[in-house]
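Please read the structure below before turning to the comments.
Numbering (this note's numbering), first residue to last: 4 to 87.
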């Protein structure tokens, strides 16, 4: 069950209440009987895993590109030697 936060308009008391999603929000303060309003809390978002901008457009490692360029240059030398 979610925990909802409430603040009383009359006395300013803040409290939390465990409620089902289907239950209507509270309307009366348990301390003074005044009207209450539900508080909205910010949600922390953390992007993990593939499919996000930082992982899709990350620069490749230099070590992998260096090994590719070394293997490519070896192939070019072999081709040149075969032509001559």
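Think of the CB as a built atom: it goes at the ideal place given N, C-alpha and C, for glycine as much as any other residue.
The structure displayed is predicted, hence computed values, not measured ones.
Note down, in chain order, each residue of its chain lying with its Cβ closer than 7 Å to the Cβ of residue 23, except the 5 sequence neighbours on either side.
For the purposes of this step, residue 23 is taken as residue 20 along the chain shown, with counting starting at 1. Contacts found: 4.
Look up residue 43 in the DSSP assignment and say whether it is helix, strand or coil.
One-based indexing of the chain shown puts residue 43 at position 40. DSSP, reduced to helix, strand and coil, places residue 43 outside both helices and strands of the structure shown, so it counts as coil.
Delimiting residues of the beta strand (DSSP E) encompassing residue 17
In the chain shown, residue 17 corresponds to position 14, counting from 1. Its beta strand (DSSP E) spans residues 17–21.
DSSP state of residue 37 mapped onto helix, strand, coil:
What you label residue 37 is simply residue 34 of the chain shown in a count that begins at 1. Coil.
I need the straight-line Cα distance from residue 13 to residue 42, nearest angstrom please.
Within the chain shown, the letter at position 10 stands for residue 13. Within the chain shown, the letter at position 39 stands for residue 42. For residue 13 and residue 42, the gap between their C-alpha atoms comes out near 15 Å.
Below 7 Å CB to CB, which residues in the same chain sit around residue 29 once its five sequence neighbours on both sides are set aside?
One-based indexing of the chain shown puts residue 29 at position 26. Here the set comprises 9, 20, 39.
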